[in-house]
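This report concerns only the one structure given below.
Numbering (my numbering), first residue to last: 2 to 230.
If you want it as structure tokens, here you go:
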């Protein structure tokens, strides 16, 4: 009995990390549904590993985020060949049925219905300010990028500066952030995005911030705070 419980727990752990990032969308207006292209990711023990994934779960149902809409997997292709599984890192084409085409967007995530990926617009980030960056202040308007998603973002709090070697806090509530500084900040995005803490999912927890077409900071999501108007 103990062994069965362990196997079930391991299965849940793996299943909870299965996801499929939508890199782009190709709309097919025929009756057979929407054709999607993207990359398959599986995060186990905080790293990408090449395990086999079944994207068509029980009854062929997947949950399409961020709209929380169910869809049916009709087919899966890798290198123009029909397949039933895909390993982490594969670029595959998936044919979905039973979903509004407007709810399938670049940057969306297909996931197991029992384990939806977080969706939020209020985040705490650990950031490194790059050499070419302009000073970042509370209220600074930036472009936020995570996997295949771009959103307008506003810095709402600068919580602390961090020692670059130890990661320990060196100063609370600095007035601005300058080049080569490490810091903890909060941002609010204009729209909701599929996101997760870096400790849970590296692929959904690595972000960058841009201004005037230049990357000014690289960051990790340290806390998903939730939704803020």
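Backbone N, C-alpha and C define an ideal beta-carbon position, used for all residues, glycine too. The model shown is predicted, which means the values in this text are computed figures rather than measured ones.
Query                                                                                                                   : Result
Starting from the Cα of residue 94, find the closest Cα among 105, 101, 81 and 109 and give me that residue.            : 81
Within 10 angstroms of the Cβ of residue 229, are there 16 or more other Cβ atoms? Answer buried if so, exposed if not. : exposed
With DSSP collapsed to three states, give me the class of residue 102.                                                  : helix
Whole angstroms are fine: how far does the CA of residue 202 sit from the CA of residue 127?                            : 15 Å
Assign residue 47 to one of three DSSP states: helix, strand, or coil.                                                  : Low per-residue confidence applies at residue 47: pLDDT is 27, beneath 50, and the placement is therefore not dependable, though the value from the model is reported in the following sentence. Note: residue 47 maps to coil in three-state DSSP.
Tell me the rounded alpha-carbon separation between residue 178 and residue 146.                                        : 19 Å
By DSSP, does residue 204 sit in helix, in strand, or in coil?                                                          : helix
Are the region 126-143 and the region 106-118 in contact at 8 Å, needing three or more beta carbon pairs?               : no
How is residue 168 classed by DSSP in three states: helix, strand or coil?                                              : coil
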